[in-house]
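Going by our numbering, the sequence shown opens with residue 2, and the numbers climb by one from there. C-beta atoms are modelled at their ideal positions from N, C-alpha and C, and glycine is treated no differently. Please read the structure below before turning to the comments.
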Amino acid sequence: MKLFDSFHRRINYLRISVTDRCNLRCIYCMPPQGVPLIPRSELLSYEEILTVVQASAELGINKIRLTGGEPLVRAELPKLVKMLSQIEGIEEISLTTNGTLLKKYAIELKEAGLRRVNVSLDTFRADRFRYITRSGELKDALEGIEAARNVGLQPVKINTVVMRGINGDEALDFASMTYKEGWSVRFIELMPFVNVAEFVPSAEVLQCIELLGKLEPCSAIAGNGPAKYYRLPGAKGTIGFISPVTEPFCSNCNRLRLTSYGKLCPCLLADSGIDLKGLLRSDASIQEIKRLILRVIVSKPEQHRLAKGILPMKRNMSQIGG
Ligand code: SAM
Ligand code: SF4
């Protein structure tokens with residue numbers, strides 16, 4: 002079955018935030034003290050997530066991404082991966098993580114059926130890493146990336162949020178990893194949830210990287226999504242640009258988002274969403290859950306309004322899952 006929204010976009014991708022907790026406090030994502038935590042009893046259980054994914058799969062969702070907060074701080078995440086990987090119709094399960102706990106879980110995740118990971122990494126300098134994450138150790142993230150590659154969670158995509166005056170001078174270092182290590186690096190425009198720094202337009206980052214060689218456009222790599230991909234001459238890895246501010250990708254948006262507390266949202270950057278948890282906890286039938294998912298799809302907006310400065314007010318990134 003194929004599912005389309007009101008603007009003829011095929012919807013086949015569900016991003017699930019499995020927790021609002023995180024072991025880091027990135028300056029662009031959270032205030033220093035963190036965000037008020039949702040009581041554990043309000044977080045969806047793995048069984049409840051399973052029911053949502055079963056219903057979604059019956060409607061035509063075939064890709065799942067687990068995110069957070071930091072998904073690896075939720076206990077027994079590999080168990081959830083295994084449960085989801087057994088659902089008929091789910092072709093791919095991937096994970097977005099800060100990588101610091103990946104060394105510990107990479108093998109278990111791979112064995113459970115995880116296909117790929119995206120690791121968020123904004124710097125190669127230990128002191129900057131501590132500044133950006135307010136607590137983390139660069140070594141842990143780098144070891145996590147290595148562990149993922151070693152167990153075959155490939156291609157590991159590295160997500161880098163570019164901030165002027167903070168890490169903007171490292172774009173070339175990241176780009177050169179596409180030669181040295183075959184990384185797939187994606188530069189993300191900073192979204193102004195927290196006032197930490199000025200964003201750097203993708204066009205500027207691209208121009209800077211071309212100091213290394215002419216970037217050649219390349220067709221989407223596994224998982225594609227919102228990035229535009231290029232390759233430096235002779236490099237094994239690719240360079241992607243995700244430009245929510247200067248080049249919104251809404252016309253290709255194929256996703257829904259489930260928050261850790263059970264709200265199904267049609268857009269990362271809008272406050273709208275419908276509570277699924279109530280239905281899940283009232284023993285609703287799978288048909289009723291499917292009807293609600295369809296209601297959310299119908300409500301999917303044509304585009305977000307970030308360029309006009311309109312941001313979601315009710316949730317932050319760690320709650321909806323970035
Ligand atoms: N903790 C995991 C991680 O950091 O990868 C998953 C959740 S995090 C909210 C998901 C993604 O959102 C990360 O790649 C992070 O860099 C990105 N993100 C968070 N705040 C952002 C912002 N203000 N602008 C752009 N990207 C942001
Ligand atoms: Fe945590 Fe990810 Fe947000 Fe950083 S970006 S604070 S790692 S949820």
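Give every residue of the same chain whose Cβ lies closer than 6 Å to the Cβ of I167, excluding the five residues on either side of it in the sequence, and list them in chain order. Exclusion of the five residues before and after I167 leaves A198 as the residues of its chain whose Cβ lies within less than 6 Å of its Cβ.
Go ahead and pull the three-state DSSP assignment for T134.
Helix, per DSSP.
Nearest residue (CA-CA) to I189, options V53, P32, V157 and P227: Considering only alpha carbons, the answer is P227.
Once DSSP output is grouped into helix, strand and coil, what is the label at T247?
Of the three classes helix, strand and coil, the one that applies to T247 here is coil, per DSSP.
- Query: In whole angstroms, what is the alpha-carbon distance linking G114 and S86?
  - Reply: Approximately 6 Å between the Cα atoms of the pair.
Count the other CB atoms, across all protein chains shown, that sit within 10 Å of the CB of C219; report buried if there are 16 or more and exposed otherwise.
Counting C-beta atoms within 10 angstroms of its own C-beta, C219 has fewer than 16 neighbours from the protein chains shown and is therefore classed as exposed.
What does the Cβ neighbour count give for V54, buried or exposed, with the cut at 16 atoms within 10 Å? So V54 ends up on the buried side.
| field | Chain-order list of residues whose beta-carbon lies under 7 Å from that of R75 (same chain, five-residue window excluded) | value | Excluding sequence neighbours, R75 sits near V19 and T20.
I need the DSSP call for E289, collapsed to helix, strand or coil.
Correct three-state label for E289: helix.
I need the DSSP call for R11, collapsed to helix, strand or coil. Residue state, collapsed to three classes: strand.
- On a CA-only basis, which of G90, L173, Y132 and D128 is nearest L213? Give me that one, please. Looking only at G90, L173, Y132 and D128, the smallest Cα-Cα distance to L213 is reached by L173.
Open item on the list: Just to confirm my understanding: we take P234, look at its own chain, exclude 5 residues before and 5 after, and list those with CB closer than 6 Å. What are they?
Closed with: Excluding residues up to 5 positions away in sequence, G214 lie with their Cβ nearer than 6 Å to the Cβ of P234 in the same chain.
**OP:** Give a yes or no on contact between the region 144-151 and the region 107-125, applying the rule of three or more CB pairs nearer than 8 Å.
**Re:** Result yes; three or more Cβ-Cβ pairs closer than 8 Å.
| Can you tell me whether DSSP reads T20 as helix, strand or coil? | Residue state, collapsed to three classes: coil.
**OP:** Would you be able to state if there are at least three C-beta pairs under 8 Å between the region 45-59 and the region 229-244?
**Re:** As far as the Cβ criterion goes, the region 229-244 does not touch the region 45-59, which means the pair count is below three.
ask   = Within this structure, are the beta carbons of A107 and V152 separated by less than 8 Å?
value = Yes, Cβ-Cβ distance for A107 and V152 is below 8 Å.
Under the rule that 16 or more other beta-carbon atoms within 10 Å means buried, what is A204, buried or exposed? Exposed, since its Cβ has fewer than 16 Cβ neighbours within 10 Å.
* Asked: In angstroms, rounded to a whole number, what distance separates the CA positions of G224 and E93?
  -> With a pLDDT of 49 at G224, under the threshold of 50, the predicted position of this residue should be treated as unreliable, though the coordinate-derived value follows. Computed Cα separation, rounded: 9 Å.
Nearest-angstrom Cα separation, counted from L60 out to R11: So the alpha carbons of these two residues sit roughly 12 Å apart.
Since T101 and P72 should fall inside the 8 Å C-beta cutoff, what is the C-beta to C-beta distance between them, to a whole number of angstroms? Contact between T101 and P72 does not hold, since their C-beta atoms are separated by about 12 Å, which reaches or exceeds 8 Å.
Rounded to whole angstroms, what's the CA-CA distance from E43 to V195? Just pull it up for me. Near 26 Å, if we compare the C-alpha coordinates of V195 and E43.
Review point. What are the boundary residues of the alpha helix (DSSP H) that V82 is part of?
Key: Per DSSP, the unbroken alpha helix (DSSP H) holding V82 starts and ends at L78 to S86.
Check whether the Cβ atoms of L25 and T134 sit closer than 8 Å, and answer yes or no. In contact: L25 and T134 (Cβ atoms closer than 8 Å).
**Q.** Residues near F5 by beta carbon distance below 6 Å, same chain, minus five either side
**A.** Excluding sequence neighbours, F5 sits near R11.
- request: Can you grab the Cα-Cα spacing for the pair L281 / I290, in whole Å?
  value: Their backbone Cα atoms lie some 8 Å apart in a straight line.
What does the alpha-carbon distance come out to for the pair P267 and R296?
In this structure, the CA atom of P267 is about 10 Å from the CA atom of R296.
Checklist entry - Where does V53 sit, in a helix, a strand or coil, going by DSSP? => result DSSP places V53 in helix when its eight states are reduced to three.
Review point. Got a sec: does the ligand SF4 put a non-hydrogen atom nearer than 7 Å to the Cβ of G61?
Key: Set against 7 Å, the gap from the CB of G61 to the closest heavy atom of the ligand SF4 is not smaller.
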